[in-house]
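Undergrad: Residue numbers (the working numbering): 195 to 603.
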């Protein structure tokens, strides 16, 4: 299983799902333990490979043992090992991680360790990105109130997942563990969706209003689209643009569950799409949740640090700049453009916004804090940009900038 993931041909969660589907007789607990061990091995891969250079036998088995050590107690795991493996693991447990080089200790490729070293409070950020994330769900404001849903969850079987309101988002609920939310009645009837709290806060920055024309320019599977539509109370028109028909198809059942009737999904071409051109200067709000490295989501997708590299990052930055230029043309005078990524790297974030503003003087940067103050509590970021971090905010790493097209004098 781990060997298939380490081919890097497909995302780790896709490989794991395919592997588990081929084994329908595995119990839920066994599935959870396999998944946890695989993701632990990915999270700490460089350090584990460093350790696996010692010992004997296949290196892949030693990597698997180290991953399983995060799932099972020492007593349970040792009972399944050979004597030389138990001795090897005991030696590793005595190693002080602080004695290892930083990139090995944090299990980062050299290029990424160097990039993150320039980020403020880098050590705390890296350590947080290497810890598993809780599960955030979001209440559908069209169908339910958070207090009511929380009460229902705490009174039922979901109580064992310790549901708590999210700190910043007024719609979020945080769960511990890995519950099968998609089987819950509240999910099936459209009252709940899975969505990281940072993503919810991003939609609050867009702040759509009833009756407006809004474009979710890189809608994907529609997580942010759903909240945008609910905040619009299913009025106006909400375009869900994406270059992938498959991604938009995955959004269709979610939109149906949500009860929204104002969503218009549109598959667009990457360049020169006529439908985009027809909307030039007409949209009140445009959200560009741009394709990015995803390095702010390493808690959930640890394989990304091994799948990305400097060349792919440079290509992504070019794509981001192109999409931002295209989307900006749709913004009406006085309208809002929000650029966002789930990255923590300046070249995908602040640098992109500054370059765009230098080339497009008709847009001005807005302060994110005052926009969010009415809806989102306890946010402590500084400066004009929305900046969320797992070490400080308990969310995935998110960045967003709100810009406004000036009205003609």
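We treat Cβ as the ideally placed atom computed from N, Cα and C, and that holds for glycine.
What are the boundary residues of the alpha helix (DSSP H) that residue 379 is part of?
TA: Residue 379 -> alpha helix (DSSP H) spans 379-382.
Undergrad: Exposed or buried, what is residue 289 when buried is set at 16 or more other beta-carbons lying within 10 Å of its beta-carbon?
TA: With fewer than 16 Cβ atoms within 10 Å of its Cβ, residue 289 is classed as exposed.
Undergrad: So residue 480 is in the alpha helix (DSSP H); what residue range does that whole segment cover?
TA: Where residue 480 is concerned, there is no enclosing alpha helix (DSSP H), although the beta strand (DSSP E) it sits in stretches over 477-483.
Undergrad: In three-state terms, what does DSSP make of residue 392?
TA: Helix.
Undergrad: With the cut-off set at 9 Å, would you say residue 474 and residue 408 are in Cβ contact?
TA: Contact: no.
Undergrad: Does DSSP put residue 513 in a helix, in a strand, or in coil?
TA: Residue 513 falls in the helix class under three-state DSSP.
Undergrad: Alpha carbon to alpha carbon, what distance is there between residue 544 and residue 588?
TA: Taking the straight line joining both Cα atoms gives about 21 Å.
Undergrad: Would you call residue 314 buried or exposed, if buried means 16 or more other Cβ atoms sit within 10 Å of its Cβ?
TA: By the neighbour-count rule (16 or more Cβ atoms within 10 Å), residue 314 is not buried but exposed.
Undergrad: According to DSSP, what are the bridge partners of residue 205?
TA: Paired residue(s): none; residue 205 is not in a bridge.
Undergrad: Closest by CA to residue 205, which one among 495, 565 and 553?
TA: Of the candidates 495, 565 and 553, the one whose C-alpha sits nearest the C-alpha of residue 205 is 495.
Undergrad: State buried or exposed for residue 402, treating a residue as buried only when at least 16 other CB atoms are found within 10 Å of its CB.
TA: By the 10 Å Cβ count, residue 402 comes out buried.
Undergrad: Just to confirm, is the Cβ distance from residue 597 to residue 566 under 9 Å?
TA: Cβ atoms of residue 597 and residue 566: not closer than 9 Å.
Undergrad: Which residues in the same chain have their Cβ closer than 7 Å to the Cβ of residue 456, if we skip the five residues on either side of it in sequence?
TA: Same-chain partners within the cutoff: 423, 426, 428, 429, 430, 431 and 432.
Undergrad: So if DSSP puts residue 358 in a beta bridge, which residue, or which two residues, is it bridged to?
TA: Partner(s): 368.
Undergrad: Give me, in chain order, the residues of the same chain whose beta-carbon lies closer than 8 Å to that of residue 294; leave out the 5 immediate sequence neighbours on both sides.
TA: These residues qualify, in order along the chain: 241 and 244.
Undergrad: Helix, strand or coil for residue 585 per DSSP?
TA: Helix, per DSSP.
Undergrad: Who are the near neighbours of residue 373 in its chain, counting only those whose CB is closer than 6 Å to its CB and skipping five residues on each side?
TA: Taken in chain order, the residues that qualify are 355.
Undergrad: State yes or no: is the beta carbon of residue 574 nearer than 9 Å to at least one beta carbon in chain B?
TA: Any reference to chain B falls outside this structure, which holds one protein chain only.
Undergrad: Do the stretch 298-313 and the stretch 498-506 make contact, defined as three or more Cβ pairs closer than 8 Å?
TA: Output reads yes: the stretch 498-506 touches the stretch 298-313.
Undergrad: Just to confirm, is the Cβ distance from residue 400 to residue 481 under 9 Å?
TA: Contact: yes.
Undergrad: Just checking my contact of residue 320 with residue 344 at CB under 8 Å: how many whole Å lie between their CB atoms?
TA: Actually they do not touch by this definition, with Cβ atoms about 33 Å apart.
Undergrad: Could you check what DSSP says for residue 548 in three-state terms: helix, strand or coil?
TA: DSSP places residue 548 in helix when its eight states are reduced to three.
Undergrad: When you compare each of 220, 209 and 200 to residue 238 by their alpha carbons, which one comes out closest?
TA: Measuring from the Cα of residue 238, the nearest candidate turns out to be 200.
Undergrad: Check whether the Cβ atoms of residue 584 and residue 577 lie closer than 9 Å to each other.
TA: Not closer than 9 Å, so no.
Undergrad: In whole angstroms, what is the alpha-carbon distance linking residue 506 and residue 492?
TA: Computed Cα separation, rounded: 17 Å.
Undergrad: Is the Cβ-Cβ distance between residue 546 and residue 514 less than 9 Å?
TA: It is a contact, given that the beta carbons lie within the stated cut-off.
Undergrad: Considering residue 564, what are the terminal residues of the alpha helix (DSSP H) in which it resides?
TA: Residue 564 -> alpha helix (DSSP H) spans 562-567.
Undergrad: Anyone know if the C-beta pair for residue 412 and residue 330 falls short of 9 Å?
TA: Their beta carbons are not under 9 Å apart, which means residue 412 does not touch residue 330 by this criterion.
Undergrad: In terms of DSSP beta bridges, what is residue 597 paired with?
TA: BP columns for residue 597 point to 531 and 559.
Undergrad: Quick one: Cα of residue 415 to Cα of residue 603, how far?
TA: If I take the Cα positions, the gap works out to 39 Å.
Undergrad: Leaving aside the five residues before and after residue 445 along the sequence, list all residues of the same chain whose C-beta is less than 6 Å from its C-beta, in chain order.
TA: The answer, listed in chain order, is 415 and 416.
Undergrad: If we ignore side chains and look at the alpha-carbon of each, how far apart do residue 223 and residue 575 end up?
TA: Between residue 223 and residue 575, the C-alpha separation is close to 39 Å.
Undergrad: Give me the Cα-Cα distance between residue 281 and residue 360, rounded to the nearest whole angstrom.
TA: For residue 281 and residue 360, the distance between alpha carbons rounds to 44 Å.
Undergrad: What do you reckon, are the CB atoms on residue 600 and residue 522 nearer than 9 Å?
TA: No. Outside cutoff.
Undergrad: Beta-carbon within less than 7 Å of residue 296's beta-carbon, same chain only, minus the 5 sequence neighbours each way: which residues are those?
TA: 307, listed in sequence order.
Undergrad: Around the C-beta of residue 365, are 16 or more other C-beta atoms found within 10 angstroms, so that it is buried, or is it exposed?
TA: Buried is the call here.
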